[in-house]
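**Q**
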Amino acid sequence: MAATALPNVLNGYMSIMARMTSTGEGKMTYHTIGIDISKAHLDAYAAPAGSTARFSNDAAGLRKLIAWIGPEAERIAYEPSGPWHRDFEEALLKAGLPLYAINPYQVRCFARSKGRRAKTDAVDARTLATMADAIGDLRPTAAKSHSDRDLAELQLVRDALLGDRTAIGNRGKHLRHPVAKRLNQQRLAQIQRQLKRVEAEIRNIIDTREDLKRRLEILTSIPGISNITAAGLIVHLSELGTLTGPRAASLAGLAPVTRESGAWKGRSFIQGGREKVRRLLYMPAVAAIRCNPDLGSKYTALRNAGKPPKVAITAVMRKLVVLANILVQQNRLWIPEPATAN
Numbered sequence: 026m027a028a029t030a031l032p033n034v035l036n037g038y039m040s041i042m043a044r045m046t047s048t049g050e051g052k053m054t055y056h057t058i059g060i061d062i063s064k065a066h067l068d069a070y071a072a073p074a075g076s077t078a079r080f081s082n083d084a085a086g087l088r089k090l091i092a093w094i095g096p097e098a099e100r101i102a103y104e105p106s107g108p109w110h111r112d113f114e115e116a117l118l119k120a121g122l123p124l125y126a127i128n129p130y131q132v133r134c135f136a137r138s139k140g141r142r143a144k145t146d147a148v149d150a151r152t153l154a155t156m157a158d159a160i161g162d163l164r165p166t167a168a169k170s171h172s173d174r175d176l177a178e179l180q181l182v183r184d185a186l187l188g189d190r191t192a193i194g195n196r197g198k199h200l201r202h203p204v205a206k207r208l209n210q211q212r213l214a215q216i217q218r219q220l221k222r223v224e225a226e227i228r229n230i231i232d233t234r235e236d237l238k239r240r241l242e243i244l245t246s247i248p249g250i251s252n253i254t255a256a257g258l259i260v261h262l263s264e265l266g267t268l269t270g271p272r273a274a275s276l277a278g279l280a281p282v283t284r285e286s287g288a289w290k291g292r293s294f295i296q297g298g299r300e301k302v303r304r305l306l307y308m309p310a311v312a313a314i315r316c317n318p319d320l321g322s323k324y325t326a327l328r329n330a331g332k333p334p335k336v337a338i339t340a341v342m343r344k345l346v347v348l349a350n351i352l353v354q355q356n357r358l359w360i361p362e363p364a365t366a367n
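For what it's worth, this note's numbering labels the leading residue of the sequence shown as 26, then goes sequentially.
#1: Taking 8 Å as the threshold, find out whether the stretch 140-149 comes into contact with the stretch 59-79 through three or more Cβ pairs.
#2: My assumption, with CB atoms under 8 Å, is that R373 sits in contact with L279. Please give the rounded CB distance.
#3: For D300, which residues in the same chain have their Cβ closer than 8 Å to its Cβ, ignoring the five residues on either side in sequence?
#4: My output table needs one value for T339: the three-state DSSP class, helix, strand or coil.
#5: My assumption, with CB atoms under 8 Å, is that A154 sits in contact with L163. Please give the rounded CB distance.
#6: Can you tell which of N252, L268, Y324 and D68 has its C-alpha closest to the C-alpha of V347?
#7: Give the straight-line distance between the Cα atoms of A69 and R137, rounded to the nearest whole angstrom.
#8: Leaving out five residues before and five after K89 in sequence, what residues of the same chain have Cβ atoms less than 7 Å from its Cβ?
#9: Grab the span of the alpha helix (DSSP H) containing T254 for me, first residue to last.
#10: For H110, count neighbouring C-beta atoms within 10 Å of its own C-beta (all shown protein chains included) and say buried if the count is 16 or more, exposed if not.
#11: Can you list, in chain order, the stretches of the beta strand (DSSP E) that have 3 or more residues and sit fully within the stretch 83-118?
#12: Considering only the beta carbon of each residue, do A288 and G249 sit closer than 9 Å?
#13: Going by DSSP, what residues sit across from G287 in a beta bridge?
#14: What is the C-beta distance between I101 and L117, in whole angstroms, given that I count them as a contact (C-beta under 8 Å)?
#15: Going by DSSP, which residues form a beta bridge with L124?
#16: Buried or exposed for N350, going by 16 or more other Cβ atoms inside 10 Å?
#17: Could you work out which residue in L187, H261 and N128 is closest to K221 when comparing CA atoms only?
#18: Identify which residue in G331, A313 and E264 has its Cα closest to the Cα of W359.
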């Protein structure tokens, strides 16, 4: 190459890089990245530089996003969004990037606290980056194995089948035409067969992993918790054993929220957390009241103190999840407390 041509090549390269930087196409490095995930697009915002970019939510777009982020990002924040974030998580974790999933409700509360009323993909990406930069104790997203992903997917199918069974069962109560009633019964029978198949596959996956098999053994040792409930807790509350008792109750949405201001004291109530965990624990709590002396005495004491039945059952659910967390943490089975002499 002639010496006089080299400056032209360099000038051309610099102009291309400047254009890519201005349009969000080039590789850039930032401290915190917020990414809003939708079916078609990934909207990214980089703080503190304030640069933005949009990528398609497919394999090619993920490769471009990873190149745009670069290796120096300290945090990459996003909201889990149904099935649309799964490939995103897998690709970025495989690339060694630090992901942080943030609860969408918390993101909206943070946006309101900043006075942001608009809600667009670009605004959400900016809010995520700002929030991740401001909050120090976020939990990083851990990489999931294929069996973990399979379990989560099967549990999702099982939850949907249960919802279908309830809806079809309720509809069948009002049917009068023989054909409609017969079809409704056939659909219920089909759902029941599908439930058995899904539950068997969930158990097969758990049996292939010693860590999950042991966790199932620990959870089912607690009176009131069946194999189905234990499998659901393994999927929907995978953090069991790594939390404090209050944190486990809060994550399940079973920790009472205090409401006080000055001399005024309102009623405490539960809110937030994971609704699916609460649904899983309701019937086990009812069963535990009958077959677990410790939890039964707790329920009785609360009822004698004037607490409504549902409040007392909620307290038993909270004790169940705290107990499960402790047992998994200590890697031991539940054993009844020895009777004390009077």
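Cβ coordinates follow ideal geometry from the N, Cα and C atoms, glycine included. Remember, predicted model here, so these are calculated numbers, not experimental data.
**A** Answer, in terms of the structure:
#1: yes
#2: Lying outside 26 to 367, the shown extent of the chain, residue 373 is not represented and no answer is given.
#3: Residue mapping note: residue 300 aligns to position 275 of the sequence shown, counting from 1. As written in the sequence, residue 300 is Glu, which differs from the Asp given in the question. Once the five neighbours on either side are set aside, the close Cβ partners of E300 are G278.
#4: Reading the sequence shown from its first residue, position 314 is the one you call residue 339. Residue state, collapsed to three classes: helix.
#5: In the sequence shown, the residue the question calls residue 154 occupies position 129. In the sequence shown, the residue the question calls residue 163 occupies position 138. 12 Å between Cβ atoms; not a contact.
#6: Along the sequence shown, read from residue 1 onward, the residue named residue 347 stands at position 322. Comparing Cα positions, the closest option is L268.
#7: Counting from 1 along the sequence shown, the entry for residue 69 is found at position 44. Counting from 1 along the sequence shown, the entry for residue 137 is found at position 112. Computed Cα separation, rounded: 20 Å.
#8: Locating residue 89 in the sequence shown gives position 64, counting from the first residue. Excluding residues within five positions, the ones whose Cβ falls inside 7 Å are F80.
#9: Start at 1 with the first residue of the sequence shown, and residue 254 comes out as number 229. Here the alpha helix (DSSP H) through T254 covers N252 to H261.
#10: Residue mapping note: residue 110 aligns to position 85 of the sequence shown, counting from 1. It counts as buried.
#11: 100-103
#12: Working through the sequence shown from its first residue, we reach residue 288 at position 263. Working through the sequence shown from its first residue, we reach residue 249 at position 224. The answer is no: Cβ separation not under 9 Å.
#13: On the sequence shown, residue 287 is found 262 positions in, with the first residue counted as 1. DSSP output for G287 lists no bridge partner at all.
#14: For the purposes of this step, residue 101 is taken as the residue at position 76 of the sequence shown. For the purposes of this step, residue 117 is taken as the residue at position 92 of the sequence shown. Sure, about 7 Å apart at Cβ, within 8 Å.
#15: Start at 1 with the first residue of the sequence shown, and residue 124 comes out as number 99. Beta-bridge pairing links L124 to I101.
#16: Numbered from 1 along the sequence shown, position 325 holds the residue referred to as residue 350. Buried is the call here.
#17: The residue labelled residue 221 in the question sits at position 196 within the sequence shown. Of the candidates L187, H261 and N128, the one whose C-alpha sits nearest the C-alpha of K221 is L187.
#18: To locate residue 359, count along the sequence shown from 1; it is residue 334. With distances taken between Cα atoms, W359 lies closest to A313.
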